[in-house]
Amino acid sequence: MSTAPASSAEALLRVEQVSAGYGLMPVLHGLSIEVRAAEIVALVGSNGAGKTTLLRVLSRLLPCTGTLRFNRQDLAAMTPDQAFGHGLVQVPEGRQLFDRMTVQDNLLMGAFRRHDKAAVARDLQRMYQLFPRLGERRRQLAGSMSGGEQQMCAMARALMAAPVLMMIDEMSLGLAPVIVDQLTEVLAEIRKNGVTVLLVEQDVQVALGAADRAYVIENGRVTLAGPARQLIDDPAVQQAYLGV
Ligand SMILES: Nc1ncnc2c1ncn2[C@@H]1O[C@H](COP(=O)(O)OP(=O)(O)OP(=O)(O)O)[C@@H](O)[C@H]1O
Ligand SMILES: [Mg+2]
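In the working numbering, the protein residues as written are 2 to 245.
Structure (structure tokens):
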């Protein structure tokens with residue numbers, strides 16, 4: 002369903018000078034980021050910085066000005082459905098599962114656009130290997146699962162769409178550290194299979210531990226960017242976000 006990956010010459014996702022907001026209230030002010038194929042990139046920043054707003058822009062749920070390129074195509078010209086069809090898939094803040102459906106049916110909902118039934122069945126088994134807990138609970142109603150299990154289900158549902166770029170909003174929110182570690186390992190695993198990840202996190206420690214590179218967003222602008230390892234040691238990051 003997805004087109005060929007971007008050449009090394011152009012990033013998979015390029016956001017340039019993007020501004021967006023709600024009604025007359027501006028939130029993003031000429032923000033620019035890049036995500037290269039098979040990278041894990043984190044967006045960090047405090048409450049209200051505009052992280053979720055940027056993901057809404059990328060999913061084409063919110064209009065913007067500026068340049069949006071995805072896989073060498075004009076993302077700004079796409080509808081949400083077209084963006085999804087090109088492999089831009091979001092795990093939304095709050096997970097938003099179908100609570101009254103089973104885990105398995107939630108996962109199959111993720112694959113609703115795919116027609117190759119054998120490939121979908123294979124991917125379903127792969128999800129149960131990636132998340133053994135989901136395999137054990139495949140017949141359980143999604144709404145009755147724990148927070149960590151629900152996040153696994155939301156991530157697996159997104160993966161069932163065969164994403165090129167998976168965007169995750171607040172992966173670790175409200176979850177125990179041991180679960181967050183498991184989810185971080187899953188990110189590394191899916192990247193090995195060629196899925197690119199854009200991770201939005203309020204927990205800077207988690208974000209910088211999981212990502213190759215990160216952007217710090219403040220008031221709708223990028224204020225710092227670089228390799229995650231370098232940002233962990235940055236005094237400004239340590240003081241503002243790591244409580245050092
Ligand atoms: N639907 C909306 N209508 C009006 N204003 C909104 C709407 N959604 C978000 N905002 C405002 O836009 C700004 C950025 O919000 P956004 O949700 O993007 O922040 P965030 O970085 O994701 O924060 P958090 O870490 O708390 O999730 C905030 O000031 C917020 O109040
Ligand atoms: Mg948010």
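For glycine and all other residues, C-beta sits at the position ideal for the given N, C-alpha and C.
Asked                                                                                                                                                  : Found
Only counting the same chain, and skipping five residues up and downstream in sequence, which positions put a Cβ closer than 7 Å to that of Leu101?    : According to the sequence shown, residue 101 is Arg rather than Leu. Answer for Arg101: Leu142, Gly144, listed in chain order.
If distances are taken between C-alpha atoms only, which option among Asp170, Ala215, Gln83, Leu166 comes closest to Arg192?                           : Leu166
Once DSSP output is grouped into helix, strand and coil, what is the label at Phe71?                                                                   : strand
Using 10 angstroms around the beta-carbon of Glu17, count the other beta-carbons present and answer buried if the total reaches 16, otherwise exposed. : exposed
Could you please give the first and the last residue of the uninterrupted beta strand (DSSP E) stretch that includes Pro178?                           : Element bounds for Pro178: not the beta strand (DSSP E) but the alpha helix (DSSP H), 178–193.
Looking at the structure shown, is Pro93 part of a helix, part of a strand, or coil, going by DSSP?                                                    : coil
Taking the alpha carbon of Cys154 as the point to measure from, which residue in Pro178, Leu184, Pro164 has its own alpha carbon closest?              : Leu184
Note down the Cα distance separating Asn194 from Thr66, rounded to an integer number of angstroms.                                                     : 33 Å
Quick one: residues in its chain with C-beta nearer than 7 Å to the C-beta of Asp117, no 5 flanking neighbours on either side, listed in chain order?  : none
Consider the C-beta atom of Asp170 and the heavy atoms of ligand 2; say whether any pair is separated by less than 7 Å.                                : yes
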